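Going by the working numbering, the letters in the sequence shown line up with residues 60 to 286, in that order. Here a beta-carbon is modelled for each residue, glycine too, at the ideal position from N, C-alpha and C. Being a predicted model, the structure only gives us computed values, none of them experimental. Heads up, the thing below is written out as structure tokens.
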Amino acid sequence: MGHPVYKIQHDERDCGPTCLYMVSAYYGLKRPLSFYRKLTKMDKNGSNIYGLVDAGSKIGFETVPLVSDLNDLLTELQSGKLTFPFIAHVSVGSRLPHYVVIYSYHNGHFLIGDPSHGRVVCSTEQFSSIWTGCVVSFRPTESFQRGNFMPNALLSFFSLLKVQRKKLIGIFFLSIIVSCIGIVGSLVFELVIDNVVSTSSDVTEQNDSCSDVHTDAHSDDTSLAFS
60 MGHPVYKIQH
70 DERDCGPTCL
80 YMVSAYYGLK
90 RPLSFYRKLT
100 KMDKNGSNIY
110 GLVDAGSKIG
120 FETVPLVSDL
130 NDLLTELQSG
140 KLTFPFIAHV
150 SVGSRLPHYV
160 VIYSYHNGHF
170 LIGDPSHGRV
180 VCSTEQFSSI
190 WTGCVVSFRP
200 TESFQRGNFM
210 PNALLSFFSL
220 LKVQRKKLIG
230 IFFLSIIVSC
240 IGIVGSLVFE
250 LVIDNVVSTS
260 SDVTEQNDSC
270 SDVHTDAHSD
280 DTSLAFS
């Protein structure tokens, strides 16, 4: 018997591969998330039920998609026909399908591995309100290979950069645009200040000239008066 594993998805399309990652890790198989993305044939709309079924079979699971209601689901669990963990399809208001891993059921509450939030405990009523009625069961076969096949941290970092490259490129160009706007704004502000200072200097010089002329004229008038 394994232990519940919780992993957060990188984006909203990753929930299917992330769930498969958690189920595999529960049984002792650890592979990078990119492996499960390729295996489930994830596209711009995420993964579908049959992609998860096919991917699970390739890893070495006996995978079975089931459509049921809550009462039948609980009956299947009590009889042992359906075992933990399994993947459930839920609807949480997103336009993309969402999947969660169900680890256990005890005292009217489900223990869930949600790729969006991590460890979640919800009541039977709460689960019933979001569950669409579809689940995928997983049983490891003799071909299932346990082991840690995770790459080192540096390779994982570059793998994450590759997945998020579009967002990073967008952020890079946006930062350049913002920087250019800041530079142009500074130059314009500097030109305006220089123009204001220059204009003020010209006005001051003109006022000084007028003052000198007035002083000279006053001096001439004074001289004439004394004559």
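Work out the CA separation of Cys74 and His176 for me, nearest whole Å.
One-based indexing of the sequence shown puts residue 176 at position 117. One-based indexing of the sequence shown puts residue 74 at position 15. Their backbone Cα atoms lie some 11 Å apart in a straight line.
Mapping the DSSP letters down to three states, classify Ile161 as helix, strand or coil.
Taking the sequence shown and counting its residues from 1, the one referred to as residue 161 is at position 102. The answer is strand: DSSP assigns Ile161 an E or B state.
Range of the contiguous beta strand (DSSP E) that encloses Val123
The sequence position of residue 123 within the sequence shown is 64, counting from 1. Val123 -> beta strand (DSSP E) spans Phe120 to Val126.
Identity of the residues DSSP links to Ser182 by a beta bridge
Looking up residue 182 in the sequence shown gives position 123. Answer by DSSP bridge pairing, in chain order: His168.
Val204 versus Ile161: straight-line alpha-carbon distance, rounded:
Position 145 of the sequence shown, counted from the start, is the residue given in the question as residue 204. Position 102 of the sequence shown, counted from the start, is the residue given in the question as residue 161. According to the sequence as given, residue 204 is Gln; it is not Val. C-alpha separation (whole angstroms): 22 Å.
Report the option in Tyr158, Ile171, Asp131 and Asn130 whose CA atom is closest to the CA atom of Tyr109.
Counted from its first residue, the sequence shown places residue 109 at position 50. Nearest C-alpha to Tyr109: Tyr158.
Is the stretch 112-128 touching the stretch 163-179, taking contact as three or more C-beta pairs under 8 Å?
no
Minimum C-alpha distance to Val151 - residue among Lys100, His165 and Thr191
Position 92 of the sequence shown, counted from the first residue, corresponds to residue 151. The option with the nearest alpha carbon to Val151 is Thr191.
So the alpha helix (DSSP H) Gly75 belongs to, where does it begin and stop?
For the purposes of this step, residue 75 is taken as residue 16 along the sequence shown, with counting starting at 1. Gly75 -> alpha helix (DSSP H) spans Cys74 to Tyr85.
Suppose you measure from the CA of Ser182 to the CA of Val243; what does that come to, to the nearest Å?
For the purposes of this step, residue 182 is identified with residue 123 of the sequence shown, where counting begins at 1. For the purposes of this step, residue 243 is identified with residue 184 of the sequence shown, where counting begins at 1. Approximately 57 Å between the Cα atoms of the pair.
Confirm, please, whether the CB-CB distance from Tyr80 to Leu88 is below 7 Å.
Numbered from 1 along the sequence shown, position 29 holds the residue referred to as residue 88. Numbered from 1 along the sequence shown, position 21 holds the residue referred to as residue 80. Contact flag unset, no.
Check whether the Cβ atoms of Pro76 and Thr99 lie closer than 7 Å to each other.
The sequence position of residue 76 within the sequence shown is 17, counting from 1. The sequence position of residue 99 within the sequence shown is 40, counting from 1. Result yes, Cβ atoms of Pro76 and Thr99 sit closer than 7 Å.
Report, in whole angstroms, the separation of the C-beta atoms of Ser196 and Gly119, which I expect to be a contact under 8 Å.
For this step, residue 196 is matched to residue 137 along the sequence shown. For this step, residue 119 is matched to residue 60 along the sequence shown. That pair is no contact at about 14 Å.
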